[in-house]
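In this note's numbering, the protein residues as written are 1267 to 1431. Take a look at the structure below.
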Ligand SMILES: [Fe+2]
């Protein structure tokens, strides 16, 4: 995505335009990951079957609702840095490293749990990379957001793992 510097040059939140743009780029990728995981978790909320239907249907709902809130917070942080927030499946698909759910092959509940556990772990690692960029830019606001997201995904991964332990 091409972003001109003209719309960020007059801001003064204590961060240079270059740093804001750099951090916002990392947040855009993190937004794409979060949105893709949000949609995938909701997909599994809809399509889960079997003995664990009720608890997983509920757990996945809790998770996708939390992810929906996070998506909004991340996008608005990008705006707070003076950049535009991506919001299309096309740009999210280009930026994310999370594999979408395969609608042509509805998988078993256990496989859903395994996939979502790994996806949350991927998001934790990607958030860690974005955090390093925010810390290097001395962008405390974005760093704080990312730390909170890492903690949340760590908890989610633990809860998912516990279903099959
Ligand atoms: Fe529902």
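Yeah, the Cβ is synthetic: ideal placement off N, Cα and C, and Gly gets one too. Values in this document were obtained by computation on a predicted structure and should not be read as measured data.
Residue 1333 and residue 1418 have their C-alpha atoms spaced approximately 10 angstroms apart.
It is roughly 23 angstroms from the alpha-carbon of residue 1399 to the alpha-carbon of residue 1335. Taking the Cβ of residue 1327 as the reference point, at least one heavy atom of ligand 1 falls within a distance shorter than 7 angstroms. Cα atoms of residue 1317 and residue 1380: separation of roughly 16 angstroms, rounded to the nearest angstrom. Around the beta-carbon of residue 1320, fewer than 16 other beta-carbon atoms lie within 10 Å, marking it exposed. Straight-line spacing of the CA atoms in residue 1374 and residue 1284 works out to 46 angstroms. Residues of the same chain with a CB within less than 6 angstroms of the CB of residue 1404, apart from the 5 flanking positions on each side, do not exist. Bounds of the alpha helix (DSSP H) holding residue 1334 are 1319-1346. A distance below 7 angstroms between beta-carbons, with the five flanking residues on each side excluded, links residue 1337 to the following residues of its chain, in chain order: 1297, 1300, 1301 and 1304. Relative to ligand 1, the beta carbon of residue 1288 is positioned no closer than 7 angstroms to any heavy atom.
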